[in-house]
Amino acid sequence: MEDPHEKVQSAILSPYTNNTIKQDLLNESLQILNASLLEASKDNNQVQLVSQMWENYQVNAGLNFNVMEERKKELMKDHQGSNEDDHQGNTEDTLS
Numbered sequence: 001m002e003d004p005h006e007k008v009q010s011a012i013l014s015p016y017t018n019n020t021i022k023q024d025l026l027n028e029s030l031q032i033l034n035a036s037l038l039e040a041s042k043d044n045n046q047v048q049l050v051s052q053m054w055e056n057y058q059v060n061a062g063l064n065f066n067v068m069e070e071r072k073k074e075l076m077k078d079h080q081g082s083n084e085d086d087h088q089g090n091t092e093d094t095l096s
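Following this line, the structure appears as structure tokens:
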């Protein structure tokens, strides 16, 4: 013979047991989500590192370019100055 109290107790407890099953599924889903977010965060850290390296490279390349341009200007001035000295020396020799 079936116990009528057992049916009543099952009916009363069923929302809690169903809720527990749902909570277990929710917890499992959240653990998967957390693992995915952790992996994405690691990937983002690597992208950020590469971005910083590229930015530093651009700054250094710009500085080197500016230095090279200044050197080029100095060399051009020195070269022009030495050519003018040569020309002045030649004209003085011809005048004497």
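Residue numbers (UniProt numbering): 1 to 96.
All residues carry an ideal CB built from backbone N, CA and C; glycine is no exception.
Any idea what DSSP makes of residue i, helix, strand or coil?
i, result
"Asp3", "coil"
"Ile12", "helix"
"Ser96", "Low confidence applies here, because Ser96 scores a pLDDT of 49, under 50, leaving its location unreliable; read the following figure in that light. Coil at Ser96, not helix or strand."
Counting contacts by CB-CB distance shorter than 9 Å, is residue i in contact with chain C?
i, result
"Lys22", "Within the model displayed, chain C is absent; a lone protein chain is all it includes."
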